[in-house]
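Colleague: Residues in the sequence shown are numbered from 284 upward in steps of one, following this note's numbering.
The C-beta atom is built at its ideal place from N, Cα and C for all residues, glycine as well.
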Amino acid sequence: CELNISRKQHILKRIYKIISDFLVELCKTEEQEYAITAIDILRQIVIKFLEFKIANEYKFQKEIFLPFTKIFENPKDIYINEYVVFSISNIIQLYPENIKNGWIIVLQIYKAIPNFDGFKNKFVQQNSSVLFKVCEENFESIKGYFIYFINTFKCYNNKVPTEIFYLSEFLS
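What follows is the structure in structure tokens.
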């Protein structure tokens, strides 16, 4: 991946589209190991894009997170969806300040977590905590997407943590 980072962005987009489409298809197979490996490869590529700030273009951020949504929407089993959420959590904890418009896709996945039948309450609570921590520690870089965060928190038992409103004082 690092060798390809220096390519022009339009070429990187095409390469990523081909690779991500293949990896999404791989997740549709019956082999759980293939799906986990494919998700991990996607996670590593997204991390590289964010690390090198390649994904700063408005539309491209949505494109790099979209494969996770495609996998999450069509799971073969609950473990694959848990791994998608784990991967997204890992990414947002590593590079929250580099995520811009990608938050929209990330938060769509987080909104779906409480409504997914197979997820246990502990799993839902852990991911709610991760999201809140990212919001609290990186408020300046996410404040343009603050309303999306609030709407996502509402999906978790229709409660928005009271601390989130204290953070909103910094909006003005």
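#1: Would you report the Cα separation of residue 364 and residue 403, rounded to the nearest angstrom?
#2: Could you spell out where the alpha helix (DSSP H) holding residue 320 opens and where it closes?
#3: In chain order, what residues of the same chain have a beta carbon less than 6 angstroms from the beta carbon of residue 397, not counting five sequence neighbours either side?
#4: Shortest alpha-carbon distance to residue 370 belongs to which of 304, 318, 424 and 294?
#5: Here's the rule: buried if 16 or more other CB atoms are within 10 angstroms of the residue's CB, otherwise exposed. What is residue 393?
#6: Is the beta carbon of residue 368 less than 7 angstroms from the beta carbon of residue 322?
#7: Between the C-alpha atoms of residue 353 and residue 390, what's the straight-line distance to the nearest angstrom?
Modeller: Inspection of the coordinates gives the following:
#1: Here residue 364 corresponds to residue number 81 of the sequence shown, with the count starting at 1. Here residue 403 corresponds to residue number 120 of the sequence shown, with the count starting at 1. Each residue's alpha carbon lies about 12 angstroms from the other.
#2: One-based indexing of the sequence shown puts residue 320 at position 37. Residue 320 -> alpha helix (DSSP H) spans 315 to 334.
#3: Indexing the sequence shown from 1 puts residue 397 at position 114. Within the same chain, residue 397 has close Cβ partners 407, 438 and 439.
#4: Locating residue 370 in the sequence shown gives position 87, counting from the first residue. Checked all of 304, 318, 424 and 294; the closest Cα to residue 370 is 318.
#5: One-based indexing of the sequence shown puts residue 393 at position 110. Buried, since its Cβ has 16 or more Cβ neighbours within 10 Å.
#6: If you number the sequence shown from 1, residue 368 lands on position 85. If you number the sequence shown from 1, residue 322 lands on position 39. For the pair residue 368 and residue 322, the CB atoms are not nearer than the 7 angstroms cut-off.
#7: Numbered from its first residue, the sequence shown carries residue 353 at position 70. Numbered from its first residue, the sequence shown carries residue 390 at position 107. Rounded to the nearest angstrom, the gap between the Cα atoms of residue 353 and residue 390 is 14 angstroms.
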